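Okay, so here's the structure we're looking at.
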Amino acid sequence: KIYALNLSISLSAGKESNSDAPSNGEHFGNNDHKSWPDVFKRYRIPDHYMPDPSFYAFSFGMGASGSGVPFHTHGGVFNEVFYGRKRWWLAPPGPEPSFHPDESAMQWLYTYYPTQQHNPLITECIIHPGEFIYVPSMWHHSTLNLGQTIFMATFL
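Using our numbering, the letters of the sequence shown map in sequence onto residues 2 to 157.
Below is the structure:
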């Protein structure tokens, strides 16, 4: 299984970042598949995914506790957690939830969440190891890693 690989290198440093949220302690996106051959070679798509994998794009990620990404949108994606827990906030297409694009998900939690937690358009959940979430195309979503987290996104 993928989580049996030794992937602690960036988690302890907390310096890796993704293109959406620089220097937030999360490595995600822009994966150089040549740098992570064992991860992508060993990953098995869960049976619940769509039947034609030729259209998938995989993106491996890991993040330190408290890292994550602010609200954003893109095409449909499955996100599977292998280690740790990941908190999600989702809202359907339409008006963006209140947030500042230069603030982290943790900052949003303390700044905006108290005014948004009763917003009927925002749904939240926590994904645990072995679970996955499907985010439909163009849905607004934000994530926060609860402890060190390792995950794989499968973009459709």
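All C-beta atoms, glycine included, are put in the ideal place defined by N, C-alpha and C.
Remember, predicted model here, so these are calculated numbers, not experimental data.
- The secondary-structure analysis by DSSP pairs residue 58 across a beta bridge with 156.
- The C-alpha of residue 153 lies about 28 Å from the C-alpha of residue 112.
- Counting only residues of its own chain and dropping the five nearest sequence neighbours on each side, residue 88 has a CB closer than 6 Å to the CB of 127, 145 and 147.
- Note on residue 74: under 16 other CB atoms within 10 angstroms of its CB, so exposed under the neighbour-count rule.
- The beta carbon of residue 78 sits closer than 8 Å to the beta carbons of 135, 136, 154, 155, 156 and 157 from its chain, once the five residues preceding and following it are set aside; these are given in chain order.
- Secondary structure within the segment 80–125: the alpha helix (DSSP H) runs of 4 or more consecutive residues, fully enclosed, are 106–112 and 114–117 (chain order).
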